[in-house]
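These notes concern the structure reproduced below.
There are 2 protein chains.
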Amino acid sequence: MTSDVYEFRPIGIIHSPIKDPAGAPTQGVLAMGIEAQVEIFEPYREGLSDLGGFSHAMLIFVFHRSKGYKTKVTPYLDDQLRGLFATRAPRRPNNIGVTVVRLLEVGETGMRIAGVDMLDETPLLDIKPYVPLFDEQEKSSLGWLEPHLKARMKGDKTRRKADGRFHEK
Amino acid sequence: MTSDVYEFRPIGIIHSPIKDPAGAPTQGVLAMGIEAQVEIFEPYREGLSDLGGFSHAMLIFVFHRSKGYKTKVTPYLDDQLRGLFATRAPRRPNNIGVTVVRLLEVGETGMRIAGVDMLDETPLLDIKPYVPLFDEQEKSSLGWLEPHLKARMKGDKTRRKADGRFHEK
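Here's what the structure looks like:
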């Protein structure tokens, strides 16, 4: 166990229409209709060059409304306690989120994105181009999620939206 | 621009056979033969439950050997300056890396992984299960990478390994 601490400062902010954790989409892919404006702060704007040629980007952000965590949680798609690292729950030891979004427009001061599951005012830490060769894996198995995912994604839409269990009241 | 600072503490450490930034694989998918042991610190170990059922996981880590950054860089797969956020270069305003790895074994104190592009002693910040439905995007376009990727991945293997340009000397 080390006592190292790493400090990160936002490079921008996500202005999302999702104001309330309860009711937020649990994953970006379930929210392709939700768009947001991402504001990039001045010192970092030059880094947006060439990003417009990509259709998708991986955003790395802070779950800024998530405080504390438990090492076992009941995920949205299940009814049993599961190890935290086998879930995407937003309350984590380091409350970092990763979502692949669709790039609608990349401008000089920011970008417009779709597939948004981030709350309004989410601090953005990094943007990486999405490259299937690097990020996709063939023949993946999905553990506890496997029996739930297909069935529930097709039928029961209630679990597609968060109920606020992972956020502060 | 906000002055917010977010502090993150490692949940574990990656014991990798890659000791030197020069010669390191530039992406995990190019390094499926490279294995590493990931040690998870005691307070977080319970969170590993149920992860063993997944074939792949997304690791979020610190590029601990990368200092400073430039908003335009020449990536390994290209000969021109590109905006930093359109590249995967490890020197970034927030030096956070994301790699999808194959889970060979998940134990009580850590895990054994393959597809390793992290340097030895890399601080681990988070583990998320890899779920293609959430993380994969169909019909993606790849900007400046597109003309380079297929050709170079097949033929020219020299760019598959880092030359150390993004790390401290």
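Order-wise, the sequence lines are chains A and B.
1274 is the number that this note's numbering gives to position 21 of the first sequence; each next residue is one higher, with no gaps.
1296 is the number that this note's numbering gives to position 43 of the second sequence; each next residue is one higher, with no gaps.
Don't be surprised by glycine CBs; every beta carbon is placed ideally from N, CA and C.
- The Cβ atoms of residue 1344(A) and residue 1322(A) sit closer than 8 Å to each other.
- Proximity to residue 1261(B) across 1354(B), 1314(B) and 1397(B) peaks at 1314(B), based on C-alpha coordinates.
- When 1346(B), 1256(B), 1374(B) and 1375(B) are compared, the shortest CA-CA separation from residue 1297(A) is found for 1346(B).
- Relative to residue 1267(A), the option among 1364(A), 1333(A) and 1383(A) whose CA is nearest is 1364(A).
- Judged by DSSP secondary structure, residue 1314(B) falls within the beta strand (DSSP E) whose first and last residues are 1309-1315.
- Residue 1381(B) has 1311(B) as its beta-bridge partners, per DSSP.
- Cβ-Cβ distances below 7 Å link residue 1309(B) to 1353, 1354, 1355, 1356 and 1383 in the same chain, with the five nearest sequence neighbours on each side left out; the list follows chain order.
- For residue 1328(B), same chain residues with a beta-carbon under 7 Å away, outside a window of 5 residues either side, are 1335, 1340 and 1342 in chain order.
- Within the segment 1321-1373 of chain A, the complete beta strand (DSSP E) runs of at least 3 residues fall at 1349-1359 and 1363-1367.
- Contact of residue 1345(A) with chain B is assigned, a C-beta pair being separated by under 8 Å.
- Taking the C-beta atoms as reference points, residue 1291(A) is found nearer than 8 Å to residue 1377(A).
- Contact annotation, residue 1369(B) with residue 1271(B): C-beta distance approximately 7 Å; criterion of less than 8 Å satisfied.
- Classified as buried, residue 1326(A) has 16 or more neighbouring CB atoms from the shown chains inside 10 Å of its CB.
- Sequence-ordered contacts of the segment 1305-1318 of chain A with chain B read 1305, 1306, 1307, 1308, 1309, 1310, 1311, 1313, 1315 and 1317 [C-beta pairs closer than 9 Å].
- Between the alpha carbons of residue 1300(B) and residue 1324(B) lies a gap of roughly 36 Å.
- For residue 1261(B), the enclosing beta strand (DSSP E) stretches over residues 1259-1261.
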